[in-house]
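**Student:** Listed in order, the protein sequences are those of chains A and B. Those letters in the first sequence? Residues 1 to 241, per the numbering used here, in order. Those letters in the second sequence? Residues 1 to 195, per the numbering used here, in order. Before anything else, here's the structure in question.
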Amino acid sequence: MNLSRPDRSERLDALAAEYALGTLDGRTRRRLDRIAQTDPTVAAALRGWEWRLAALTEGMPGITPPVHVWEAIRQRLGFSGESDAAGPGASAPWWASLALWRGLALAGFALAFALGLLLVAPTTERPYEGVVVVLAGTDAKPALVATGERGSRFLTVKAVATVEVPAGRALELWMLPDGRAPVSMGLVPASGIDRLALRAPVGIALQDIPALAVSIEPPGGSPTGAPTGPVVYTGRVERFY
Amino acid sequence: MPSPSTDRSARLAELLARTALADQAAYAELYRLTASHLYAVALRILREPSAAEDVLQEAFVSVWHHAGSYSTAKAKPQTWLTSIVRNRCLDQLRRREPDTVTMTRDEDESEMEFETPGPTPIELLVAGAEANSVRDCVERLDGSHKQAIALAFYQGLSHAELAHHLRQPLGTVKSWVRRGLERLKACLEGAGVTR
């Protein structure tokens, strides 16, 4: 089948549209891929439709991927450690510091705020069963709120105040397991709302996690798998079940 | 005066150009600015976080090696990146299924389908199109055409899966998709939105 013949252009166009839309079965899809490798007319038709349709994803709400994706990419490309990342400090790790836990107690009153949030959440048939974490700085003012239904694999994080992030830096969210090193949950937005995909439903992922924290990290997240920058917000995991 | 979206496109195009010159910082910034959008696209189609993570990773590795080819693409940077991700998702979906036409999602399964947060495909189609004049064209599609196209586009359903999902004969669904796409194209060309 010579799809690039001028009298076949309509057929090619229709096939290319379905290729890009994704409705073609695997065999036809692979066949078109093969033809496109040697036939520029066919390749251009496929790309044209892909681009045309890809524009339809503009405005789709983003979902922050887990940080290990970026780590895996860096590893596969053989990038060396981020030069501007802070090395491991000589002092005790920040998550062991007393001030952090004191801050958490202070932030307790911010919970009233979270309850307010729950009230404006869309009403469902069932009562809300999930977690709420109000992340606040040392001034105890809420900066970010994280919520997730117990059975959901997503944690929704919303910036509820102006969050200052140094240029070229990102905010990373961490689980703080009791007595162990923090575990990354992904990057969180400095403004607006975002959803973090979890590896397990919220109720399980946060089962033994008393608190979360947010640190300032290089773009793409901590290169080491442990927090490298300053911790700016912390909050207790409050369970509503 | 440039709009925020032109600013963003210019910035991403610059980052792609620097990535083509093996600039790791530019590449990291590109990831930071686009990964959540691309991950959302992949997650919606593949419905499994681990599969979506793999696609995102492979797509970005490929971008590192082929960023230079963007310069000849007649698409906005984010569109170009999105099509790379979508393409890989569709490849993966179609590899999962046997060559013969089968139903991969039955009634029970669709009840338990991977939970996708947020708007439905139709809402997305309209919301996504808002950014440009594609919206009008989408809005003008017949209801059944619109629904078939939205389901295929955002959830990666094949013809057979669409037929099953919409409880319509395969031939009917195929013709909805075909006619919907034809009208979409005619309308986009009329509106000058062909890239």
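All residues carry an ideal CB built from backbone N, CA and C; glycine is no exception. Quick caveat, the model's predicted, so the values are computed rather than measured.
#1: Taking 8 Å as the threshold (beta carbon to beta carbon), is Gln24/B in contact with chain A?
#2: Out of curiosity, what's the CA-to-CA distance linking Pro40/A and Ala190/A?
#3: What separation, rounded to the nearest whole angstrom, lies between the Cα atoms of Val165/A and Val231/A?
#4: I need the DSSP call for Tyr241/A, collapsed to helix, strand or coil.
#5: For a quick check, are the C-beta atoms of Pro66/A and Gly186/A less than 8 Å apart?
#6: Opposite Leu173/A in the DSSP bridges: which residues?
#7: Name, please, each residue of chain C whose Cβ falls closer than 8 Å to the Cβ of Ile63/A.
#8: Closest to Ile193/A by C-alpha separation, out of Gly203/A, Thr156/A, Leu206/A and Thr228/A, would be which residue?
#9: Helix, strand or coil, according to DSSP, for Leu135/A in the structure here?
#10: Considering only their Cβ atoms, is the gap separating Ile209/A from Leu176/A smaller than 8 Å?
#11: Please say whether Trp51/A and Thr6/B have beta carbons closer to each other than 8 Å?
#12: Using a Cβ-Cβ distance cut-off of 8 Å, determine whether Arg18/B contacts chain A.
#13: Skipping 5 residues on each side, what residues in its chain have a beta carbon closer than 6 Å to that of Ala36/A?
#14: So Ala148/B and Gly180/B are supposed to be a Cβ contact under 8 Å. How far apart are they, rounded?
#15: Going by DSSP in three states, Glu130/B sits in which element: helix, strand or coil?
#16: Out of curiosity, what's the CA-to-CA distance linking Arg11/A and Ala226/A?
#17: When Cβ atoms are compared, which residues of the region 8-26 of chain A fall closer than 9 Å to chain B?
#18: With 8 Å as the threshold, decide whether the Cβ of Gly192/A is near any Cβ in chain B.
#19: How about Gly229/A: is its C-beta nearer than 8 Å to some C-beta of chain B?
#20: Tell me which same chain residues have a C-beta within less than 7 Å of the C-beta of Ala51/B, skipping the five on either side of it?
#21: Does DSSP classify Phe154/A as helix, strand or coil?
#22: For Val231/A, list the residues DSSP reports as bridge partners.
#23: Does the distance from the CB of Ala54/A to the CB of Arg86/B come in under 8 Å?
#24: Work out the CA separation of Leu151/B and Leu46/B for me, nearest whole Å.
#25: With a threshold of 16 other CB atoms inside 10 Å of the CB of Lys74/B, please say whether the residue is buried or exposed.
#26: Should Thr100/B go down as buried or exposed, given a rule of 16 or more other Cβ atoms within 10 Å for buried?
#27: Roughly how many angstroms separate the alpha carbons of Tyr19/A and Arg29/A, rounded to a whole number?
#28: To which residues of the same chain is Ala186/B closer than 8 Å at the C-beta, ignoring the five residues directly before and after it?
#29: Which partner residues does Ala197/A have in the DSSP bridge list?
#30: At which residues does the beta strand (DSSP E) containing Ala143/A begin and terminate?
#31: Taking Cβ-Cβ distances below 7 Å as the criterion, which residues of the region 28-60 of chain A are in contact with chain B?
#32: Where does Arg236/A sit, in a helix, a strand or coil, going by DSSP?
#33: Using a Cβ-Cβ cut-off of 8 Å, state whether Gly130/A counts as contacting chain B.
#34: Mark Asp76/A as exposed unless 16 or more other C-beta atoms lie within 10 angstroms of its C-beta, in which case mark it buried.
#35: Whose CA, out of Thr138/A, Gly130/A, Val163/A and Pro223/A, lies closest to the CA of Pro201/A?
#36: How big is the Cα-Cα spacing for Ala163/B and Thr172/B?
**Tutor:** This is what the structure holds:
#1: yes
#2: 44 Å
#3: 12 Å
#4: coil
#5: yes
#6: Gly186/A and Val214/A
#7: The structure shown contains no chain C; its protein chains are A and B.
#8: Thr156/A
#9: strand
#10: yes
#11: no
#12: no
#13: Val42, Ala43 and Leu46
#14: 6 Å
#15: Its pLDDT being 37, under 50, Glu130/B is placed unreliably in this model, and the value from its coordinates should be taken loosely. Coil at Glu130/B, not helix or strand.
#16: 54 Å
#17: Asp13, Ala14, Ala17, Glu18, Tyr19, Ala20, Leu21, Gly22, Thr23, Leu24, Asp25 and Gly26
#18: no
#19: no
#20: Gln92
#21: strand
#22: Ser215/A
#23: yes
#24: 13 Å
#25: exposed
#26: Note that Thr100/B has pLDDT 40, beneath the 50 cutoff, so the model's placement of it is unreliable and the number below is only indicative. Exposed.
#27: 6 Å
#28: none
#29: Phe154/A
#30: Pro142 to Glu149
#31: Arg29, Glu50, Trp51, Arg52, Leu53, Ala54, Ala55, Leu56, Thr57, Glu58, Gly59 and Met60
#32: strand
#33: no
#34: In the sequence as displayed, the identity of residue 76/A is Arg instead of Asp. Arg76/A comes out exposed.
#35: Gly130/A
#36: 8 Å
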